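Only one structure is covered here, and it is reproduced in the block below.
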Amino acid sequence: MGYEVSHQTGSHIRLTTQEQGEHHITIPAHNPLKVGTLNAILKNVANHLKLEREELISLLFE
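Residue numbers (the numbering used here): 1 to 62.
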């Protein structure tokens, strides 16, 4: 999806992509991520890429 680490502060990583316009997302570097946090990240990225969440998951994991 073209995301690259653009900044890190403490336990949060900021990813940036230029695909389909500039987009930033902040990811907590926690292991494991809470289900709600992961869902919010997936929704945010899918929305930016104009995909359904399920389409994004298929692209990422197939």
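We put the beta carbon where it would ideally sit given N, CA and C, even for glycine. For clarity, every value in this text was computed on a predicted model and none was experimentally measured.
Judged by beta-carbon spacing, I25 lies within the 8 angstroms limit of N44, meaning their Cβ atoms are closer than that value.
L42 places its beta carbon less than 8 angstroms from that of I57. Sequence-distant partners of T37 (beyond 5 residues in either direction) whose C-beta falls short of 7 angstroms from its own C-beta, in its chain, are P28. Within its own chain, the residues whose Cβ lies closer than 7 angstroms to the Cβ of Q18, once the five positions on either side in sequence are excluded, are G2, listed in chain order. In the assembly as shown, L15 is a buried residue. Its beta-carbon has 16 or more other beta-carbons within 10 Å.
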